[in-house]
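J.: Let me give you the structure first, and then I'll get to my questions.
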Amino acid sequence: MTDSPSILVPLRVLEGESVPEGVPDLLATAHVVLLGYHVIPEQTATGQAQMQFEDRATERLDEYETMFEEAGATVERRLVFTHDGQKTIDRMTTEHDCLAALVPNATGPVEDVLVAVRGTVGVDRIARVVGGLFGETDASVTLYHVAESDETDEDVGTLLDGMVNRLEAQGLDASRIETRVERDQEAFDAIVDAADAFDVVVMGESDPSLATFVFGMPADQVADRFLGPVLVVQREPSEETE
Amino acid sequence: MAEQPVDVEPEGVNVAGEAPVEEPEAVTDDTTVHDDDVELERTIGLVGGLAIGIGTMIGAGIFVFPGLAAANAGLAATLSFAIGGLIALLVALPTSELATAMPRSGGGYYFISRGMGTAYGAIVGLGLWLGLMFASAFYLVGLGHYASAVFAELGVTLPFSPVIGIGLLFGAALTALSIGGTENTAKIQNVVVGILLVVLTGFLSYGVLDAVGVFGGGTVPEQFFSRGYFPVLTTAALVFTSYLGFAQVATVAGEIKQPGRNLPLAMVGSVLIVTVFYVVTIFVATSAFGAERLGQFGETAMVEVARDFLGLPGAVAILGAGLLATFSSANASILSASRAVYALSRDALLPRKASEVNLRYGTPHVALLAAGGPIFVLVATGRVELLAEVASFLHLIMYGLMCVALIVLRRRNPKWYAPSYRVPGYPVVPAVGALASFGLIAFMQPASIAIGVVVMFVSYLWYRYYAGNVTLKGDI
Numbered sequence: 554m555t556d557s558p559s560i561l562v563p564l565r566v567l568e569g570e571s572v573p574e575g576v577p578d579l580l581a582t583a584h585v586v587l588l589g590y591h592v593i594p595e596q597t598a599t600g601q602a603q604m605q606f607e608d609r610a611t612e613r614l615d616e617y618e619t620m621f622e623e624a625g626a627t628v629e630r631r632l633v634f635t636h637d638g639q640k641t642i643d644r645m646t647t648e649h650d651c652l653a654a655l656v657p658n659a660t661g662p663v664e665d666v667l668v669a670v671r672g673t674v675g676v677d678r679i680a681r682v683v684g685g686l687f688g689e690t691d692a693s694v695t696l697y698h699v700a701e702s703d704e705t706d707e708d709v710g711t712l713l714d715g716m717v718n719r720l721e722a723q724g725l726d727a728s729r730i731e732t733r734v735e736r737d738q739e740a741f742d743a744i745v746d747a748a749d750a751f752d753v754v755v756m757g758e759s760d761p762s763l764a765t766f767v768f769g770m771p772a773d774q775v776a777d778r779f780l781g782p783v784l785v786v787q788r789e790p791s792e793e794t795e
Numbered sequence: 418m419a420e421q422p423v424d425v426e427p428e429g430v431n432v433a434g435e436a437p438v439e440e441p442e443a444v445t446d447d448t449t450v451h452d453d454d455v456e457l458e459r460t461i462g463l464v465g466g467l468a469i470g471i472g473t474m475i476g477a478g479i480f481v482f483p484g485l486a487a488a489n490a491g492l493a494a495t496l497s498f499a500i501g502g503l504i505a506l507l508v509a510l511p512t513s514e515l516a517t518a519m520p521r522s523g524g525g526y527y528f529i530s531r532g533m534g535t536a537y538g539a540i541v542g543l544g545l546w547l548g549l550m551f552a553s554a555f556y557l558v559g560l561g562h563y564a565s566a567v568f569a570e571l572g573v574t575l576p577f578s579p580v581i582g583i584g585l586l587f588g589a590a591l592t593a594l595s596i597g598g599t600e601n602t603a604k605i606q607n608v609v610v611g612i613l614l615v616v617l618t619g620f621l622s623y624g625v626l627d628a629v630g631v632f633g634g635g636t637v638p639e640q641f642f643s644r645g646y647f648p649v650l651t652t653a654a655l656v657f658t659s660y661l662g663f664a665q666v667a668t669v670a671g672e673i674k675q676p677g678r679n680l681p682l683a684m685v686g687s688v689l690i691v692t693v694f695y696v697v698t699i700f701v702a703t704s705a706f707g708a709e710r711l712g713q714f715g716e717t718a719m720v721e722v723a724r725d726f727l728g729l730p731g732a733v734a735i736l737g738a739g740l741l742a743t744f745s746s747a748n749a750s751i752l753s754a755s756r757a758v759y760a761l762s763r764d765a766l767l768p769r770k771a772s773e774v775n776l777r778y779g780t781p782h783v784a785l786l787a788a789g790g791p792i793f794v795l796v797a798t799g800r801v802e803l804l805a806e807v808a809s810f811l812h813l814i815m816y817g818l819m820c821v822a823l824i825v826l827r828r829r830n831p832k833w834y835a836p837s838y839r840v841p842g843y844p845v846v847p848a849v850g851a852l853a854s855f856g857l858i859a860f861m862q863p864a865s866i867a868i869g870v871v872v873m874f875v876s877y878l879w880y881r882y883y884a885g886n887v888t889l890k891g892d893i
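Structure follows, in structure tokens:
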């Protein structure tokens, strides 16, 4: 048995976002950090929204907490009123040392997991998430890598073998792990296309670059186009830039 | 700043049977924590705090007062602005200490109700709400003057003065925008303040160089105290409205990140920045025309100053800046007034209904209407100087009492009072701050003082009637 990974589940609890079907089972072996948050315009004091909405939000969170607990997870919860949802999510990730955040979408029983492996950075955290959540299940795990043009087959082999070793150390049987490598494709489109055949996607949070400022985080975009749940593995807290 | 416990227990119920909302358990750099798992996120940084302070203040001092002040005090109006800045600084320092000890929404009202009890709190809180309405009305009338000047510039002659009509129109637009608008208003405010500072710095640099003779213009030689010494003080009382913004930073103290560091920096910083701008502006303006002619130009005197230096483009730039500045000041004041209504209603001094949040827009429509509505009546009077002085009066009462509250808290030294910033020069600075705040009131017009006293008296009666049983004072 490996440590249960901390997974952040952010829900806009007052805007009708709820825990979709299949998500409690997906996170059955996790330590769930259940974040109910409500984004309010700047004209409104956060305490003002709290005064009016706290009871209703708490009621819903109670319900969700029970769902996760019944599935077997340990749950820690917070209700936050904020002007800036992203800041709240980032702070929660750091404060509760979450390995990944879940973009909650409905799913059936999980049989196939797609793990997008981008590079060596963060593989350890990805392995801990995959091992912690799917180690005890029968789900098959596919490691997916879109190679850059200057990457040789050996490079890719080393990267994916390293990942397989880490997963084995986490208790996954090698027979359940497949690898797939694509070339000559744009990474983002390739992942979205491949994801269709899977139940869950696990991917890293990409580094902010010019493109992400314009189009948003790739992980969010994948979540928008892939209709199942996406686990976004967060960067090491020390790598976070202030 | 480590987690800071909050240990104030409000008690009692008002006439409608509402009790004050429970106090939070702790305050951290990023949040205010209630019952362990409910948190209020802090999202305003130092830049945002400075923008609130400067944005609220700069509209009046530079774009409305120079002509009026010069007419009253002559060249010595420069000194009047410096006096105002000094008093503001003497109050901003103690306010910073109180704000770091109690970084909660409501600002001065919160400090005074917790430090000195509900009665003082009610007078200050209701006074703050009404004072901000007087201030907004003042900015809106100023805005009306600028908009009218635009018409004059375009050569459109109207058979009536459009000042009040435009003020009313913008008042309605602002209230509607704050209720229905979900745009990122804080970012817009930051940009507006940035633009204003750039335009003003350019304009004033040119003006100073011109005044000292670099461009051959030279100063109009003039006696400094051309109107005597007394008008310097009455003018200081009049223009003090230009310094009301720093306390608005404290009304959103509950939303400022790292409050221990950012609150003092934002409040003291914004006072220092605007004081420099004001003093230089008056110096440049009076040196361009002399106080006599400047006074004749009235509210939009700065447009004429800019025209004198830079011709039509200068006039247009200052017209635009004046519209932006008065608009942003009015907007900031309406938002602060709505925060004040919320703080009062949270403590059961106003009906809970008053801070209700609109389900469709997520904005506090009742509080915003309570702030925006009475402004119409005030704008309709069109009396710039009266509006400004009443606003100043009500704020000065609060400023003086904040200084007193600080002294009270320091002397009793309750366990929960642990400011991370401590005012230098205690007890001299808060004592002088209190005396100066109350003292400045004496130099106002009798009408302004009368209206101010009536507002305070009615506030007190309201407290006795509505919330006489409510105790808000901290355990001291």
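Going down the list, the sequences are from chains P and U.
Straight run, no breaks: the first sequence in the numbering used here ends on number 795.
Straight run, no breaks: the second sequence in the numbering used here ends on number 893.
By construction, the Cβ of each residue, glycine as well, lies at the ideal position given by its N, Cα and C atoms.
Just tell me which of P:Leu-588, P:Asp-578, P:Asp-773 has its CA closest to the CA of Glu-689 (chain P).
T.: Comparing Cα-Cα distances from Glu-689 (chain P) to each of P:Leu-588, P:Asp-578, P:Asp-773, the minimum goes to P:Asp-578.
J.: Would you decide whether Ser-687 (chain U) is buried or exposed? Buried here means 16 or more other CB atoms lie within 10 Å of its CB.
T.: Result: buried.
J.: For the 8 Å Cβ check, are there 3 or more pairs between the stretch 704-724 of chain P and the stretch 665-677 of chain P?
T.: Because the criterion of three Cβ pairs below 8 Å is met, the stretch 704-724 of chain P and the stretch 665-677 of chain P touch.
J.: Which of the residues in the stretch 511-530 of chain U, read from start to end, lie with their CB under 7 Å from any CB of chain P?
T.: So the list reads Ser-522, given in the order they occur along the chain.
J.: Assign Leu-696 (chain P) to one of three DSSP states: helix, strand, or coil.
T.: Strand at Leu-696 (chain P).
J.: Find the nearest neighbour of Phe-779 (chain P) within the set P:Arg-788, P:Glu-789, P:Met-756, P:Gln-738, judged by alpha-carbon distance.
T.: Cα-wise, what sits closest to Phe-779 (chain P) is P:Met-756.
J.: Can you name the residues of chain U whose CB is closer than 9 Å to the CB of Gln-774 (chain P)?
T.: The contacting residues do not exist; Gln-774 (chain P) stays about 22 Å from chain U at best.
J.: Could you work out which residues of chain U lie near Arg-644 (chain P), taking near to mean beta carbons separated by less than 7 Å?
T.: The answer, in chain order, is Asp-447.
J.: Would the beta-carbon of Leu-560 (chain U) fall within 8 Å of that of Ala-747 (chain U)?
T.: It is a contact, given that the beta carbons lie within the stated cut-off.
J.: Using a Cβ cut-off of 8 Å (strictly closer), state whether Glu-607 (chain P) contacts chain U.
T.: It does; some Cβ of chain U falls within 8 Å.
J.: According to DSSP, is Tyr-590 (chain P) helix, strand or coil?
T.: Strand.
J.: Report yes if the CB atom of Glu-802 (chain U) is closer than 8 Å to the CB atom of Ala-654 (chain U), and no otherwise.
T.: Result no, Cβ atoms of Glu-802 (chain U) and Ala-654 (chain U) do not sit closer than 8 Å.
J.: Please confirm whether any heavy atom of the ligand NAD lies closer than 7 Å to the CB of Thr-743 (chain U).
T.: Only the bare structure without any ligand can be found here, which leaves the ligand NAD out of the picture.
J.: Consult DSSP for Asp-556 (chain P) and reduce its assignment to one of helix, strand or coil.
T.: Looking at Asp-556 (chain P) - three-state DSSP - the assignment turns out to be coil, as it is neither helix nor strand.
J.: Once you ignore the five residues that flank Thr-660 (chain P) on each side, which residues in its own chain have a CB closer than 8 Å to its CB?
T.: Closer than 8 Å at the Cβ level, and outside the excluded window around Thr-660 (chain P), lie Pro-573, Glu-574, Gly-575, Val-576, Leu-579, Asp-752, Val-753, Gly-781, Pro-782.
J.: Which class does Ala-750 (chain P) belong to by DSSP, given the choice of helix, strand or coil?
T.: If DSSP states are grouped into helix, strand and coil, Ala-750 (chain P) belongs with coil.
J.: For Thr-652 (chain U), does the three-state DSSP call read helix, strand or coil?
T.: In the structure shown, Thr-652 (chain U) sits in a helix (DSSP, three-state: H, G or I).
J.: Counting only runs that start and end within the stretch 696-744 of chain P, where is the alpha helix (DSSP H) found for 4 or more residues in a row?
T.: Within the stretch 696-744 of chain P, the complete alpha helix (DSSP H) runs of at least 4 residues are 706-722.
J.: If you measure from the beta carbon of Arg-778 (chain P) to each beta carbon in chain U, is any gap under 8 Å?
T.: Closer than 8 Å: no.
J.: Comparing alpha-carbon positions, which option in U:Ser-745, U:Met-815, U:Pro-831 lies nearest Phe-555 (chain U)?
T.: Answer by Cα proximity: U:Ser-745.
J.: Would you kindly check if the distance between the Cβ of Leu-667 (chain P) and the Cβ of Ser-559 (chain P) is under 8 Å?
T.: No, the Cβ-Cβ distance between Ser-559 (chain P) and Leu-667 (chain P) is not below 8 Å.
J.: Can you tell me whether Lys-674 (chain U) is buried or exposed? The criterion is at least 16 other CB atoms within 10 Å of its CB, across all chains shown.
T.: Counting Cβ neighbours within 10 Å, Lys-674 (chain U) comes out buried, since at least 16 surround it.
J.: Can you find the residues in the same chain that come closer than 7 Å, C-beta to C-beta, to His-451 (chain U), ignoring five residues on each side of it along the sequence?
T.: Correct list, in chain order: Pro-441, Glu-442.
J.: Is there contact here, the stretch 752-772 of chain U with the stretch 783-791 of chain U, by at least three beta-carbon pairs under 8 Å?
T.: At 8 Å Cβ cutoff, the stretches touch.
J.: From the DSSP output, in three-state form, read off His-812 (chain U) for me.
T.: In this structure, His-812 (chain U) counts as helix in the three-state DSSP scheme.
J.: My assumption, with CB atoms under 8 Å, is that Tyr-764 (chain U) sits in contact with Pro-437 (chain U). Please give the rounded CB distance.
T.: Reading off the sequence shown, one finds Asp at residue 764 (chain U), where the question assumed Tyr. That belief holds up - the Cβ atoms of Asp-764 (chain U) and Pro-437 (chain U) are roughly 4 Å apart, short of 8 Å.
J.: Does the beta-carbon of Gly-739 (chain U) have 16 or more other beta-carbons within 10 angstroms, so that it is buried, or is it exposed?
T.: Buried, by the Cβ-count rule.
J.: Verify whether the separation of the beta carbon atoms of His-636 (chain P) and Thr-448 (chain U) is less than 8 Å.
T.: Not a contact, by the Cβ cut-off of 8 Å.
J.: Thinking C-alpha only, which one of P:Leu-725, P:Asp-708, P:Ser-702, P:Glu-701 is nearest Thr-695 (chain P)?
T.: Of the candidates P:Leu-725, P:Asp-708, P:Ser-702, P:Glu-701, the one whose C-alpha sits nearest the C-alpha of Thr-695 (chain P) is P:Leu-725.
J.: Check the Cβ of Thr-597 (chain P) against every Cβ in chain U and list those closer than 8 Å, keeping chain order.
T.: What Thr-597 (chain P) touches in chain U: Val-774, Gly-779, Thr-780, Pro-781.
J.: Please report the straight-line C-alpha distance between Pro-841 (chain U) and Leu-510 (chain U), rounded to a whole angstrom.
T.: Their backbone Cα atoms lie some 8 Å apart in a straight line.
J.: Sort out for me which residues DSSP pairs Leu-655 (chain P) with in a bridge.
T.: The partner list for Leu-655 (chain P) (beta bridge, DSSP) reads P:Leu-784.
J.: With Val-872 (chain U) and Gly-588 (chain U) assumed to form a contact (beta carbons below 8 Å), what rounded beta-carbon distance in angstroms separates them?
T.: Going by Cβ atoms, the distance from Val-872 (chain U) to Gly-588 (chain U) rounds to 20 Å, so no, they are not a contact pair.
J.: Would you kindly work out how many angstroms separate the C-alpha atoms of Leu-763 (chain P) and Ile-735 (chain U), rounded to a whole number?
T.: Low local confidence applies: a pLDDT of 42 at Leu-763 (chain P) is under 50, so the model's placement there is unreliable, with the coordinate-based value given in what follows. Straight-line Cα distance between these residues: approximately 36 Å.
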